[in-house]
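Its first residue numbered 71, the sequence shown is counted upward by one per residue in this note's numbering. Have a look at the structure below, then the notes.
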Amino acid sequence: MKRIVFLLCVVFLSCSETGSKKAIENKIVGIIPYKGISNEQVAILSKTIEDFYLIQTTILPPKDLPKSAFINIKSPRYRADSIIRIQNRNKPDSLDFVMGLTTKDVSVTKKEKDGTIKKPEWKYNDFGVMGLAYCPGKSSIISNFRLKNKDKKLELERFKKVVIHEFGHNLGLPHCENTHCVMTSAAEKISTIDTEKMELCSKCKTQLKIE
71 MKRIVFLLCV VFLSCSETGS KKAIENKIVG IIPYKGISNE QVAILSKTIE DFYLIQTTIL
131 PPKDLPKSAF INIKSPRYRA DSIIRIQNRN KPDSLDFVMG LTTKDVSVTK KEKDGTIKKP
191 EWKYNDFGVM GLAYCPGKSS IISNFRLKNK DKKLELERFK KVVIHEFGHN LGLPHCENTH
251 CVMTSAAEKI STIDTEKMEL CSKCKTQLKI E
């Protein structure tokens, strides 16, 4: 009798631990390559998401960035918040998530907790970023404009980390205090991305139940 109870417990725990894994595996991410990004990069980043989160991806036809998201306050950019909103609105029912990939500069308005624009306003009213995602949500945009480096291997590694990071937000992961976790906040520094590892810390893994 004790052996039967023990086996039942093992089965129950196994199901509980893999529940989130299976939930993610059954989802599909639509990758939107905005014109200008190479097919090779898109394929590599799509595979990165599949391997890291054990989720299905499908690469959609290339398209232009939405004209309505274009802004030229300090320099020609596209509003990241507008892009993810448009992607979310146009997401086909057959997809669970949509992720845009671009080589163009994207920006946001950085605000304080009370909703006011962060100071100095001239800097944060239109602030260039590497990516943006709903947390949790169904849409994200990642740009390699600020990830460029003469070392193309390093540049690609940065791109992979930001893709993993932003999709982590879609899955509900907030920024992590562990500076070696891929979910750590970049804190406006590219060096932060270079320092972090391409992996989740134990706390973030537990939240997603990823081993």
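Positions of the beta carbon are idealized from the N, C-alpha and C atoms, including for glycine.
For residue i versus residue j, is the C-beta distance shorter than 8 Å?
i	j	result
Ile211	Ile153	yes
Ala150	Ser177	yes
Gly100	Leu165	yes
Glu227	Lys218	no
Among the candidates the options, whose CA atom is the shortest distance from the CA of residue i?
i	options	result
Leu135	Ile143, Thr276 and Pro103	Pro103
Ile125	Lys189, Lys223 and Asn240	Asn240
Asp264	Asn158, Phe229, Asp175 and Phe167	Phe229
Lys180	Pro190, Lys174, Thr118 and Thr172	Pro190
Lys259	Lys223, Arg216 and His245	Arg216
Below 8 Å on the Cβ atoms is my guess for residue i versus residue j; work out the distance and round it to an integer in Å.
i	j	result
Ser209	Lys161	7 Å
Val233	Leu130	Going by Cβ atoms, the distance from Val233 to Leu130 rounds to 15 Å, so no, they are not a contact pair.
Met169	Ala256	With a Cβ gap of about 18 Å, Met169 and Ala256 do not count as contacting.
Tyr148	Lys188	In fact, because the Cβ distance is near 20 Å, the residues do not count as touching under 8 Å.
Ile119	Phe237	6 Å
Cys274	Leu243	6 Å
Thr172	Ser213	5 Å
Alpha carbon to alpha carbon, how far is residue i from residue j?
i	j	result
Glu269	Tyr194	30 Å
Ile143	Asp196	7 Å
Thr262	Lys279	25 Å
Tyr123	Glu247	21 Å
Asp163	Trp192	40 Å
At a threshold of 7 Å, does residue i count as lining the ligand FMN (C-beta to nearest heavy atom)?
i	result
His235	What this structure holds is no ligand at all, so the ligand FMN is not there to describe.
Using C-beta distances below 7 Å, list every residue in its chain close to residue i, excluding the 5 sequence neighbours before and after it, in chain order.
i	result
Glu266	Lys231, Thr249, His250, Cys251, Val252 and Thr254
Glu110	none
Counting contacts by CB-CB distance shorter than 8 Å, is residue i in contact with chain D?
i	result
Glu266	Given the protein chain composition of this structure (a single chain), no chain D is represented.
For residue i, which residues of its own chain have a beta-carbon under 6 Å away from its beta-carbon, when the five flanking residues on both sides are left out?
i	result
Asn158	Lys208 and Ser209
Gly106	Thr173
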